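Written out as structure tokens, the structure reads:
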């Protein structure tokens, strides 16, 4: 995953905990998950719209 090992991921997690605090981590995770979900839905809707608008080349 992005060329990051376990040690690097743990360091990043530690920095995030220090910056935001352990109490805000669930909120950050939830917000990030919702953002990713909305992004995927937007991409999927855009793909289906472009397929519907595309004329058949026969």
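Numbering (this note's numbering), first residue to last: 9 to 66.
Beta carbons are placed, not taken as given, at the ideal position from N, Cα and C, and that holds for glycine.
Just so we're clear, the structure is a prediction, and the values are computed from it rather than from any experiment.
Closest Cα partner of residue i within the set the options
i          : options    : result
residue 36 : 46, 24, 47 : 24
Residue i versus residue j - alpha carbon distance
i          : j          : result
residue 19 : residue 27 : 12 angstroms
residue 53 : residue 41 : 18 angstroms
residue 32 : residue 21 : 13 angstroms
residue 49 : residue 43 : 10 angstroms
residue 29 : residue 39 : 15 angstroms
Neighbourhood of residue i by C-beta, 8 angstroms cutoff - its chain only, sequence neighbours within 5 removed
i          : result
residue 46 : none
Chain-order list of residues whose beta-carbon lies under 6 angstroms from that of residue i (same chain, five-residue window excluded)
i          : result
residue 51 : none
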